[in-house]
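A.B. asks:
Residue numbers (the working numbering): 24 to 139.
Spelled out as structure tokens, the structure:
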């Protein structure tokens, strides 16, 4: 089975196939359904799925939104239209993943006692 991040890459490459249309709210509905199905089936979240929840909070912090506004609404507000909001979602997700990799690398260096 592909990882959650692999699924997101597939959606990025062919959004209409997975979402029906290139829409930030369709993406949100898809992901909400994905998490709902896992919860209903009693399937625990993978590490990537749990990290993705942090990404949604990261979006709120990045755009300095303190309300409970949906992440899709935040991205649409900061984009020209729904299509560009979807594109922005994926570019922000790549930024988040890269930051996480750097943070994890730094933590491993500190744990091993090596400072470069």
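A virtual CB, placed ideally from N, CA and C, is assigned to each residue, including glycine.
So does the region 49-56 actually touch the region 84-104, counting three or more Cβ pairs closer than 8 Å?
C.D. replies: Judged by Cβ distances under 8 Å, the region 49-56 makes contact with the region 84-104, as three or more pairs qualify.
A.B. asks: Report the rounded CA-to-CA distance for residue 111 versus residue 30, giving the unit in angstroms.
C.D. replies: Numbered from 1 along the chain shown, position 88 holds the residue referred to as residue 111. Numbered from 1 along the chain shown, position 7 holds the residue referred to as residue 30. So the alpha carbons of these two residues sit roughly 17 Å apart.
A.B. asks: Assuming residue 113 and residue 35 make a contact with CB atoms under 8 Å, what is their CB distance in whole Å?
C.D. replies: The count along the chain shown starts at 1 and reaches residue 113 at position 90. The count along the chain shown starts at 1 and reaches residue 35 at position 12. Right, the Cβ-Cβ distance comes to about 5 Å (below 8 Å), so this counts as a contact.
A.B. asks: Hey, residue 82 and residue 98 are a contact pair by Cβ (cut 8 Å); roughly how many whole angstroms apart?
C.D. replies: Counting from 1 along the chain shown, the entry for residue 82 is found at position 59. Counting from 1 along the chain shown, the entry for residue 98 is found at position 75. The pair is a contact, with the Cβ atoms about 7 Å apart (cut-off 8 Å).
A.B. asks: Grab the span of the alpha helix (DSSP H) containing residue 80 for me, first residue to last.
C.D. replies: Within the chain shown, numbered from 1, the residue matching residue 80 stands at position 57. Looking at the DSSP string, the run of the alpha helix (DSSP H) that includes residue 80 is 70-85.
A.B. asks: Alpha carbon to alpha carbon, what distance is there between residue 74 and residue 85?
C.D. replies: Looking up residue 85 in the chain shown gives position 62. Looking up residue 74 in the chain shown gives position 51. When rounded, the distance between both Cα atoms is 16 Å.
A.B. asks: Under 6 Å Cβ to Cβ from residue 47, same chain only, skipping five residues before and after it: list those, please.
C.D. replies: Against the chain shown, residue 47 aligns to sequence position 24. Excluding positions up to five away in sequence, the list reads 95, 98, 99, 105, 108 and 109.
A.B. asks: For residue 78, which residues from the same chain have a beta carbon less than 7 Å from its beta carbon, with the 5 sequence-adjacent residues on both sides left out?
C.D. replies: Taking the chain shown and counting its residues from 1, one reaches residue 78 at position 55. For residue 78, where only same-chain residues beyond five positions count, the Cβ hits under 7 Å are 116 and 119.
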